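*Asks:*
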Amino acid sequence: MKKMIAAALTGMLIMGGATGVSKAFANEDAMKSQTAVHNHHDHLFRMAEHFGIKTEGKTEDQIRKELQAKKHDMLIHIAQKQGIDTKGKTDEQIHKELLGKRHERLLEKAKRFGISVEGKNDFELQKEVREAWKKEHEQVLKGLAKKLGIQTEGKTREQIWNELKKAAETK
Numbered sequence: 678m679k680k681m682i683a684a685a686l687t688g689m690l691i692m693g694g695a696t697g698v699s700k701a702f703a704n705e706d707a708m709k710s711q712t713a714v715h716n717h718h719d720h721l722f723r724m725a726e727h728f729g730i731k732t733e734g735k736t737e738d739q740i741r742k743e744l745q746a747k748k749h750d751m752l753i754h755i756a757q758k759q760g761i762d763t764k765g766k767t768d769e770q771i772h773k774e775l776l777g778k779r780h781e782r783l784l785e786k787a788k789r790f791g792i793s794v795e796g797k798n799d800f801e802l803q804k805e806v807r808e809a810w811k812k813e814h815e816q817v818l819k820g821l822a823k824k825l826g827i828q829t830e831g832k833t834r835e836q837i838w839n840e841l842k843k844a845a846e847t848k
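Numbering (our numbering), first residue to last: 678 to 848.
1. Report the residue from A756, R782, E781 whose alpha carbon sits nearest the alpha carbon of Q770.
2. Counting only runs of 4+ residues fully inside the segment 704–752, write out the alpha helix (DSSP H) ranges in chain order.
3. Out of curiosity, what's the CA-to-CA distance linking K764 and L841?
4. Would you tell me roughly how many angstroms separate the C-alpha atoms of F740 and D750, rounded to the nearest one?
5. Note down the Cα distance separating K766 from E781, rounded to an integer number of angstroms.
6. Within the same chain, show all residues whose beta-carbon is closer than 7 Å to that of Q803, passing over the 5 residues directly before and after it, in chain order.
7. Tell me whether A845 is buried or exposed, calling it buried when 16 or more other Cβ atoms sit within 10 Å of its Cβ.
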């Protein structure tokens, strides 16, 4: 029995090193926390890479600060693009103003499509607006296709769109 355990431990050491042995005997909670830390670390580095931040030789705190600065710059850029004054405001205040503008646009679109807003949150409203837009878009595409003599029966919106693009390229 002792020889079997020793052989198993030796095999784990050879195959997985010390971490293989520790994982074999660690409880699940300890493994989850290690995984969570590892996932957080990976996510941080993936985000830095995505935004073009060099990570070589930097600590996680340095990378985190650079990501926060990038987030702040992006928020300011978006707010200024939408005509929001950002001077003397925190990121949270700017974010709330952006959400307010988004909500206003959503209400305008709902009104345009004749969608009732009573008792609906923004998520539900956005879903209905998106569906109404798709139906309207499909009707417009079918109208254009009909003018160009393209069959639309049994075709999806995407298929009609692709055929319209082909027709535009050939003319």
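Even for Gly, the Cβ is constructed at its ideal location relative to N, Cα and C. In this text, all values refer to a predicted model and were calculated from it rather than measured experimentally.
*Replies:* With the structure as the only source:
1. A756
2. 705–727
3. 47 Å
4. With the sequence shown as reference, residue 740 is identified as Ile, and Phe is not the correct amino acid for it. Cα to Cα, I740 sits roughly 15 Å from D750.
5. 21 Å
6. L783
7. exposed
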